[in-house]
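A.B. asks:
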Amino acid sequence: MVSTTKSVAESTNEILAEFAGAKRDSLIPILQEIQERQGFLSREAVVMVGDALKLPVSKIYGVATFYNQFRFTPQGKYHIQVCRGTACHVKGSAAVLDAIKRELKAEPGETTRDGLFSLEVVACIGACGLAPVINIGGEFHANVTSQKVPGILNQYRNKK
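So the sequence shown is numbered by the numbering used here: it starts at 9 and just counts up by one.
1) Enumerated in chain order, which unbroken segments of the alpha helix (DSSP H) with a length of 4 residues or greater are wholly contained in the region 31 to 71?
2) Verify whether the separation of the beta carbon atoms of Ala131 and Phe148 is less than 8 Å.
3) Three or more beta-carbon pairs under 8 Å between the region 60 to 78 and the region 35 to 45, yes or no?
4) Can you give me the start and stop residues for the beta strand (DSSP E) that Ile88 sits inside?
5) Kindly indicate the opening and closing residues of the beta strand (DSSP E) around Asn166.
6) Just grab the DSSP bridge partners of His149 for me.
7) With DSSP as the reference, label Phe125 as helix, strand or coil.
8) Please name the residue in Phe80, Arg32, Val57 and Asp122 whose C-alpha comes closest to that of Glu18.
9) Does the structure place the region 122 to 130 close enough to the region 83 to 101 that three or more beta carbon pairs sit under 8 Å?
10) Can you tell me the Cβ-Cβ gap for Val152 and Ile144, rounded? I've got them flagged as a contact below 8 Å.
11) Taking all protein chains shown into account, do 16 or more other C-beta atoms lie within 10 angstroms of the C-beta of Thr20, making it buried, or fewer, making it exposed?
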């Protein structure tokens with residue numbers, strides 16, 4: 009994440025310097041590095057990359073929106089991943105996702121207004137025997153039901 013003492017512009021300029029002389033084939037690695045250090049792709053950073061690579065901003069957004077690894081808003085303090093793999097789907101992850109969306113008043117790809125939670129749907133977490141599974145900030149919750157969602161989220165709210 010970008011430090012409080014380093015601006016988005018300073019951080020992006022450092023990354024672009026590491027890719028000095030880069031062409032359009034370096035776009036994805038540059039965007040990955042920006043997101044790794046800053047947490048997301050800001051408009052300011054995308055414009056700077058466009059200038060450096062002599063690419064229109066629309067082209068950069070087109071590439072970045074094609075890949076679901078990129079995000080354009082900062083993640084919440086607690087990033088929630090809801091597994092929608094086959095085992096989780098069969099065991100009710102759609103209802104779990106709906107309960108989380110209702111509780112947070114947020115859709116996948118969004119961060120709550122207070123910055124506490126962000127929500128992402130993933131194809132598979134790889135814990136099929138524990139389905140349905142959610143991952144919150146690196147902690148796995150197994151056999152989740154829609155009824156358990158408020159209690160699980162309150163555990164994190166109370167950590168605040």
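Ideal Cβ placement from N, Cα and C applies to all residues, glycine included.
C.D. replies: Let me lay it out:
1) 35 to 46 and 51 to 61
2) no
3) yes
4) Tyr86 to Cys91
5) Asn166 -> not in any beta strand (DSSP E); alpha helix (DSSP H) instead, spanning Val157 to Lys167.
6) Ile142
7) strand
8) Val57
9) yes
10) The Cβ separation is near 10 Å, so there is no contact.
11) buried
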